[in-house]
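For what it's worth, our numbering labels the leading residue of the sequence shown as 11, then goes sequentially.
First the structure, in the form of structure tokens, and then the observations on it.
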Amino acid sequence: MSRKLLFALASFLFAGNLAHALDNGLAKTPPMGWNSWNKFACNVSEDLVRQAAESMVKTGMKDAGYQYIVIDDCWQVSRDGEGNIVADPVRFRSGIKALADYVHSLGLKMGIYSDAGSLTCGGRPGSRGHEFQDARQYARWGIDYLKFDWCNTSTQDAPSSYATMRDALADSGRPIVFSICEWGNAEPWLWGAGAGNLWRTTTDILDRWEGKGEKYGAGVMDIVDMQVGIEQYAGPGHWNDPDMLEVGNGGMTATEYRSHFSLWAMLAAPLMAGNDLDHMTPEIHDILTNKEVIAVDQDSLGLEGRRVHHSSDGQDIWVKPLDGHALAVLLLNRAARDETITVRWSELGLAADHSAAVRDLWEHKDLGAKTGEFSAAVPSHGVAMMVVKPGE
Ligand code: GLA
Numbered sequence: 011m012s013r014k015l016l017f018a019l020a021s022f023l024f025a026g027n028l029a030h031a032l033d034n035g036l037a038k039t040p041p042m043g044w045n046s047w048n049k050f051a052c053n054v055s056e057d058l059v060r061q062a063a064e065s066m067v068k069t070g071m072k073d074a075g076y077q078y079i080v081i082d083d084c085w086q087v088s089r090d091g092e093g094n095i096v097a098d099p100v101r102f103r104s105g106i107k108a109l110a111d112y113v114h115s116l117g118l119k120m121g122i123y124s125d126a127g128s129l130t131c132g133g134r135p136g137s138r139g140h141e142f143q144d145a146r147q148y149a150r151w152g153i154d155y156l157k158f159d160w161c162n163t164s165t166q167d168a169p170s171s172y173a174t175m176r177d178a179l180a181d182s183g184r185p186i187v188f189s190i191c192e193w194g195n196a197e198p199w200l201w202g203a204g205a206g207n208l209w210r211t212t213t214d215i216l217d218r219w220e221g222k223g224e225k226y227g228a229g230v231m232d233i234v235d236m237q238v239g240i241e242q243y244a245g246p247g248h249w250n251d252p253d254m255l256e257v258g259n260g261g262m263t264a265t266e267y268r269s270h271f272s273l274w275a276m277l278a279a280p281l282m283a284g285n286d287l288d289h290m291t292p293e294i295h296d297i298l299t300n301k302e303v304i305a306v307d308q309d310s311l312g313l314e315g316r317r318v319h320h321s322s323d324g325q326d327i328w329v330k331p332l333d334g335h336a337l338a339v340l341l342l343n344r345a346a347r348d349e350t351i352t353v354r355w356s357e358l359g360l361a362a363d364h365s366a367a368v369r370d371l372w373e374h375k376d377l378g379a380k381t382g383e384f385s386a387a388v389p390s391h392g393v394a395m396m397v398v399k400p401g402e
């Protein structure tokens with residue numbers, strides 16, 4: 011098969027569902043930023059958020075592409091006599107507008123959180139019945155990104171509830187990225203592109219390699235398995251969201267965090283760091299700012315990667331087509347011992363006699379031209395991540 015034909019076939023196989031996509035012109039590549047929840051939960055304040063924004067710049071994360079600083083749950087305490095949402099006056103003493111102005115002054119964007127129901131998951135006032143009023147308030151404050159949760163929604167219908175907030179945001183006159191957080195319950199990949207820019211596909215991520223939580227939550231491997239089969243719904247402006255990053259939060263090894271980050275890049279997932287940016291080790295910093303891996307996530311084609319091989323003894327192969335006729339390839343070793351993993355060109359849709367240049371994105375090294383297949387030694391719970399570029 012000719013290369014041209016191959017890539018036409020790949021584009022067809024990976025083609026997104028573009029019908030009825032929301033076109034607010036935002037999130038043409040998966041959003042990147044930081045969110046307070048995974049590390050700080052309800053312990054949010056303007057000092058914390060200012061510090062996160064400053065660290066984003068100081069650590070080079072801004073230069074690596076991170077942009078949105080998102081305050082998750084618990085910033086809000088009540089509504090005033092006119093129904094306006096009120097930020098915690100102690101923790102956010104200068105108000106959200108001043109905080110957003112500060113974040114903007116650093117060249118970053120400001121995000122906030124609310125909920126489609128009567129109360130947020132943390133028991134704070136939700137947006138139900140106040141959608142247009144809240145959207146106008148966010149716009150006045152200078153908010154650029156809204157995460158909209160799904161707690162306390164009783165018998166509400168998810169597609170209609172998110173459509174209401176979508177319309178409210180559009181009506182506010184400010185471009186605001188809309189992040190649907192409905193945990194995958196009502197299969198948001200089927201309707202999310204018409205309502206928002208990204209939609210959570212699963213329960214909350216836990217800071218562990220694998221295993222479900224007692225009440226809710228799932229480890230990285232469990233979440234990854236839940237992404238298989240919904241790749242075709244992602245594309246520029248509308249992304250599957252396997253939840254925020256746990257990289258650096260302490261529950262996994264550096265090898266496992268490298269795998270977590272690489273998989274999110276292969277999934278064209280939003281990259282929302284969820285750690286304490288002010289106290290990260292050099293190893294964690296190097297993971298979060300690996301520009302070659304980030305480039306895979308942010309590739310302009312916006313095609314989500316697919317798992318093309320899954321063996322019972324724990325060796326997975328993922329592939330993601332990139333702009334410029336190249337492929338990102340991830341070899342993942344889920345087994346308890348180190349393994350050599352081989353990817354055959356046939357698994358990538360390439361002819362066996364074809365020669366392709368291979369570059370290792372964690373070693374930052376060209377490995378030369380390979381024909382037919384490529385093997386790598388992969389540590390337990392680790393990955394090898396490459397860009398494979400077929401020769402002319
Ligand atoms: C839900 C969401 C989380 C977080 C919390 C906040 O669990 O899925 O990401 O926003 O609520 O209470």
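Ideal placement from N, C-alpha and C gives every residue a C-beta, glycine not left out.
As the structure is a prediction and not an experimental result, all values here were calculated from the model.
Burial state of residue i (16 or more Cβ within 10 Å)
i, result
"His248", "buried"
"Arg317", "buried"
"Glu92", "exposed"
"Asn45", "buried"
"Val80", "buried"
"Asn343", "buried"
"Thr39", "buried"
"Thr213", "buried"
"Asp181", "exposed"
"Thr165", "exposed"
"Lys49", "buried"
"Arg103", "exposed"
"Pro252", "buried"
"Ser21", "Below a pLDDT of 50, predicted positions are generally treated as unreliable, and Ser21, at 49, falls in that range; the measurement from the model is reported next regardless. Looking at its Cβ environment, which holds fewer than 16 other Cβ atoms inside 10 Å, Ser21 is exposed."
"Leu19", "With a pLDDT of only 49 at Leu19, under the threshold of 50, the placement of this residue in the model should not be trusted, and no figure is reported."
"Lys119", "buried"
"Glu373", "exposed"
"Lys222", "exposed"
"Val238", "exposed"
"Tyr226", "exposed"
"Gly401", "exposed"
"Gly392", "buried"
"Gly70", "exposed"
"Ser272", "buried"
"Lys157", "buried"
"Asp296", "exposed"
"Ala366", "buried"
Straight-line Cα distance separating residue j from residue i
i, j, result
"Glu383", "Trp355", "5 Å"
"Arg138", "Trp160", "11 Å"
"Gly32", "Arg347", "The amino acid at residue 32 is misidentified as Gly; the sequence shows Leu. Approximately 45 Å between the Cα atoms of the pair."
"Leu358", "Met236", "22 Å"
"Gly206", "Thr130", "19 Å"
"Ala29", "Gly378", "With a pLDDT of 49 at Ala29, under the threshold of 50, the modelled position of that residue is not reliable, and the figure given next carries that caveat. So the alpha carbons of these two residues sit roughly 41 Å apart."
"Asn94", "Ser128", "14 Å"
"Met66", "Gly312", "25 Å"
"Ala51", "Gly132", "9 Å"
"Ser189", "Leu200", "15 Å"
"Gly202", "Pro41", "16 Å"
"Gly105", "Ala97", "7 Å"
"Ala275", "Glu293", "18 Å"
"Asp167", "Ala196", "9 Å"
"Ala305", "Leu371", "10 Å"
"Val230", "Arg218", "6 Å"
"Phe360", "Lys380", "Phe is not the amino acid found at residue 360; the sequence shown has Leu there. Rounded to the nearest angstrom, the two C-alpha atoms are 12 Å apart."
Closest Cα partner of residue i within the set the options
i, options, result
"Ala74", "Gln308, Ala379 and Asp363", "Gln308"
"Trp85", "Val100, Gly258, Tyr76 and Gln77", "Val100"
"Val329", "Asn162, Ala338, Val187 and Ile304", "Ala338"
"Met254", "Leu287, Arg210, Asp232 and His289", "Arg210"
"Gly204", "Met276, Asn250, Val59 and Trp219", "Asn250"
"Gly245", "Ser310, Met282 and Val187", "Ser310"
"Leu298", "Val257, Asp286, Ser321 and Gly334", "Val257"
"Gly324", "His335, Pro331 and Leu341", "Leu341"
"Asp376", "His391, Ala387 and Val398", "Val398"
"Ile37", "Ala62, Arg369, Tyr76 and Leu287", "Strictly speaking, residue 37 in this sequence is Ala, with Ile absent from that position. Of Ala62, Arg369, Tyr76 and Leu287, the residue nearest in Cα terms is Tyr76."
"Ser390", "Met175, Ala362 and Asp326", "Asp326"
"Leu332", "Glu314, Leu287, Asp286 and Gln147", "Glu314"
"Met175", "Ser115, Gly194 and Glu141", "Glu141"
"Gln147", "Met282, Ser115 and Gly183", "Gly183"
DSSP bridge partner residues for residue i (one or two, in chain order)
i, result
"Ile122", "Leu156"
"Thr352", "Ser385"
"Asp326", "His320 and Leu342"
"Trp44", "Ile79 and Ala283"
"Lys107", "Note: Lys107 sits in no beta bridge, so no partner."
"Lys399", "Ala367"
"Gly378", "Val368"
"Val8", "Because the chain in this structure spans residues 11 to 402, residue 8 falls outside the shown range and cannot be described."
Exercise for the section: Any chance you could list the alpha helix (DSSP H) runs of at least 4 consecutive residues sitting entirely within the segment 50–96, in chain order? Expected result: 56–68 and 71–74
Exercise for the section: Report the residue ranges of all beta strand (DSSP E) runs contained in full by the segment 175–209; include only those spanning at least 3 residues, in chain order. Expected result: 187–190
Handout entry: Every unbroken beta strand (DSSP E) inside the segment 209–260 [3 residues or more]
Key = 249–251
Practice task
Enumerate, from N- to C-terminal direction, the unbroken beta strand (DSSP E) stretches of 3 or more residues contained entirely within the segment 269–312.
Solution key: 281–283
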